[in-house]
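Working notes, beginning with the structure itself.
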Amino acid sequence: MVQNLTVNGDRRSSAADPITPLVDVLREDFHLTGAKPVCREGFCGACMVLLDGAPILSCLVPAALAEDCEILTVEGLATDGGLTPIQSALEACDAVQCGMCFPGMVVTLTHLLTAKPGATRDDIRAALTGNICRCTGYERIVEAALIAVAAK
Amino acid sequence: MPTHPSFRADRTEGTGAMNTPSAPSIYVARSLPAALDALNDCGSAGAPFAGGTWIMRSPIRHEAHQPQYVAIGKIAELTTIRIDADVVEIGAAVTHVALASALADLPEFNVLATAAGRSANPAIRAMATVGGNLSTSGFAAADCVPALLCLDAEVEISSRGDQERVGLERFLRIRPTLEPGRLLTRIIVPRRDRKTAHARLPLRKSGDYPAAIVSLAVSFDAAAGVQAARIAVGSVEPVARRWERLEAALVGRPLDPAQAAEVAAELANEFTGRDSVELPAWYRVSVLPSLVHRAAVAALGA
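So the sequence lines, in the order shown, correspond to chains A and B.
Counted the way the numbering used here counts, the first sequence spans residues 86 to 237.
Counted the way the numbering used here counts, the second sequence spans residues 3 to 304.
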């Protein structure tokens, strides 16, 4: 049975089993390696993607349940070579460290800035509780998010 | 394979590296009758799939997937919350986020709103369902279980051609042996004038399973004495349960957090903590008096 998925606006097909975690289909079949399968338990947030606009843990979603949904990965955020406001702010703040957790952070913050354009420091910290950074670099990430909020 | 025609077929061959000879199938049910039919057809080979936050981690627990899953998250009647004057009815596939949001303006349900709104992390709360929380026998740290125990909740169990309603305490006893084809479909919570609170102790401020949980619901008489108390403890033992001796000790006098914690310390040895990789058994029991104190303070402030 083929899984038909819409990823970053493109219709894609995968021959993976229906129960296969979406993150594995994205990485192994579509070669979109931004989402990382780190903990596979839903605790680290490194596999975060947007499913119909909502941040979800792609390690816990079977591919079959992502059919009929719009999947947006970190690779699909920037368009026409231009970074999004949160991507630009993160770059300006030199907030990127090892890069393992970072795609998930970007996806979470992209959603937050859309859902809550006036997000406060507490809102940002709360939104990031499911995104674990092993480099302990949260503060610059929070500062970057606040700059992106202020720039709106 | 089940006789149900809509199941995604198992694939026994393919080019993808992730394919296995016995890969599970997933049927996405669009109505409750369709889900119950599919579960009935699957028999012991099938299981409901709600949020998936437990099932998708089966490989990490070295547990095999069921051969067939019936996804129930897109069934409208299972994702609805009905708030009436005397009762709140919660569909089994309501997510923690939706539950916390729906109860935000009902102070008597602080315990449940906190349980649903503080568990795990935001993305898990957007996926995990209340029915999944109650139905997963292996998950001792489910926040909604003690919260609903202290609210005297009942659950509705449905199967093809049958439906019954049982108290949550009884459901927790029978759930490991629930017959195939039966599905928890609704949670029914009576509305009462009471103060409630949910105290949990995760290892970090958020994102972790709690070491212990104390859920509290108290009603007061005209003299501000405790008329009735319900206290449930979660995550300490393999299955959450009420703390009836502590409940009885609180009745008939004002709710005093310090005194409640003292009594809890005297009675805590009736719990046998569960050992786990992250925590020793004794620790879970030892924090109970503090959590009782926190819950009492929060209830009085509610």
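Backbone N, C-alpha and C fix where the C-beta goes; we use that ideal spot for every residue, glycine too.
Quick caveat, the model's predicted, so the values are computed rather than measured.
- For G130/A, the neighbours in chain B by C-beta distance under 8 Å run, in chain order, N123 and A125.
- Burial is judged here by how many other beta carbons sit within 10 angstroms of a residue's own beta carbon; S217/B has at least 16 and is buried.
- Interface annotation, G134/B: not in contact with chain A, CB-CB separation never under 7 Å.
- Just measuring C-alpha positions, the residue of D95/A, V123/A, N93/A and R96/A sitting nearest P106/A is V123/A.
- DSSP, read as helix, strand or coil, puts Q229/B in strand.
- For N112/B, no pairing in a beta bridge is given by DSSP.
- The alpha carbon of L142/A has as its nearest neighbour, out of M129/B, V99/B and E264/B, the alpha carbon of M129/B.
- One finds nothing in chain B with a Cβ atom closer than 8 Å to the Cβ of G184/A; even the nearest lies about 20 Å away.
- Closest in alpha carbon position to E91/B, among I176/B, R167/B and H64/B, is R167/B.
- No Cβ of chain A is located within less than 7 Å of the beta carbon of R32/B.
- Residue pairing by DSSP places N42/B opposite no residue, since no beta bridge is assigned to it.
- Around H67/B, the beta-carbon contacts reaching into chain A at under 8 Å are I104.
- When beta bridges are read from the DSSP output, M185/A appears opposite no residue.
- Listed in chain order, the non-local C-beta contacts of A101/A below 8 Å within the same chain comprise Q88, D109, V110, E113, D114 and A148, local neighbours out to five positions each way being set aside.
- Contact between N216/A and C186/A holds, with the beta-carbon distance rounding to 6 Å and staying under 8 Å.
- In the DSSP assignment, N89/A is bridged to S98/A.
- Interface annotation, G54/B: in contact with chain A, CB-CB separation under 7 Å.
- The C-beta of P140/A comes closer than 7 Å to at least one C-beta of chain B.
- For H67/B, the CB contacts under 6 Å within the same chain, skipping 5 residues up- and downstream, are P26 and S60 in chain order.
- Rounded to whole angstroms, the separation of the alpha carbons of A142/B and G127/A is 17 Å.
- At a C-beta separation below 8 Å, P26/B has these neighbours in chain A: D102, P103 and I104.
- Taking all protein chains in view, the Cβ of I62/B is surrounded by fewer than 16 other Cβ atoms within 10 Å, so the residue is classified as exposed.
- Secondary structure note for D208/A: its alpha helix (DSSP H) is the uninterrupted segment R206 to A212.
- I126/B and A230/B have their alpha carbons spaced roughly 34 Å apart.
- Listed in chain order, the non-local C-beta contacts of A73/B below 6 Å within the same chain comprise I28, V30 and F51, local neighbours out to five positions each way being set aside.
- For P147/A, the closest Cβ of chain B is nearer than 7 Å.
- CA-to-CA, the gap between V294/B and A260/B works out to about 9 Å.
- Looking only at C146/B, W56/B and S139/B, the smallest Cα-Cα distance to A102/B is reached by C146/B.
- Chain-order list of chain A residues neighbouring R59/B: R125, E126, G127 and L145, by C-beta distance under 8 Å.
- For V192/A, same chain residues with a beta-carbon under 7 Å away, outside a window of 5 residues either side, are M133, V134, L135, P140 and V159 in chain order.
- Here G303/B has no same chain residue with a Cβ atom under 8 Å from its own Cβ, once five neighbours each way along the sequence are excluded.
- Close to L117/A, with beta-carbon spacing below 7 Å, lies no residue of chain B; the smallest spacing is near 15 Å.
- In the pairwise beta carbon analysis, the segment 275–293 of chain B is classified as not touching the segment 177–190 of chain B: fewer than three pairs are separated by under 8 Å.
- Around the beta carbon of S139/B, a 10 Å sphere encloses fewer than 16 other beta carbons of the protein chains shown; the residue is thus reported as exposed.
- Here the alpha carbons of A144/B and F111/B stand approximately 17 Å from one another.
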